[in-house]
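Colleague: Just so we're aligned: the sequence shown equals residues 175 to 257 in the working numbering.
Backbone N, C-alpha and C fix where the C-beta goes; we use that ideal spot for every residue, glycine too.
Predicted model, so just to flag it, every value in this text is computed and none were measured.
What follows is a structure written as structure tokens; I'll ask about it next.
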Amino acid sequence: MLLPDLAEKIVREVRKLIGEDIIVVDTEGIIIASTDFQRVGTFHEGALIALRDKRKLIISKVNQDNWIGVKAGINLPVFFKTM
């Protein structure tokens, strides 16, 4: 599990590279770091689906109302040392 302090550092560095809003979500779908501090601690259903299905999930402005706590964007699950 990624600690929130490290997740914040990752968010800041990735933001510098791509200039987009970034979130990092834990295994329960809770945002632990974000470029939008108001989102920290909230649930993100799209990220949980991407994690569960082990695939990217693209959310458009058209379908962002279909899931809880999401905004248009790309959800990419990142796995480290998984079996």
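1) Among residues of its own chain, excluding the 5 on either side of asparagine 197, which ones have a beta-carbon nearer than 6 Å to its beta-carbon?
2) Excluding the 5 residues preceding and the 5 following histidine 218 in the sequence, name in chain order all residues of the same chain whose CB lies nearer than 7 Å to its CB.
3) What residue from Ile192, Leu191 and Val214 has the CA that sits closest to glutamate 182's CA?
4) Ordered along the chain, which non-local residues of its own chain (more than five positions away) have a Cβ less than 7 Å from that of alanine 246?
5) Whole angstroms are fine: how far does the CA of aspartate 227 sit from the CA of arginine 186?
Modeller: Concretely, from the data shown:
1) Residue 197 is actually isoleucine in this sequence, not asparagine. In chain order, Ile205 and Ser208 place their CB closer than 6 Å to the CB of isoleucine 197, counting only its own chain and leaving out the 5 sequence neighbours on each side.
2) Cβ within range, chain order: Ile197, Val199, Gly203, Ile205, Gly243 and Val244.
3) Here the closest residue by C-alpha is Val214.
4) Within the same chain, alanine 246 has close Cβ partners Ile233, Ser234, Lys235 and Gln238.
5) Rounded to the nearest angstrom, the gap between the Cα atoms of arginine 186 and aspartate 227 is 27 Å.
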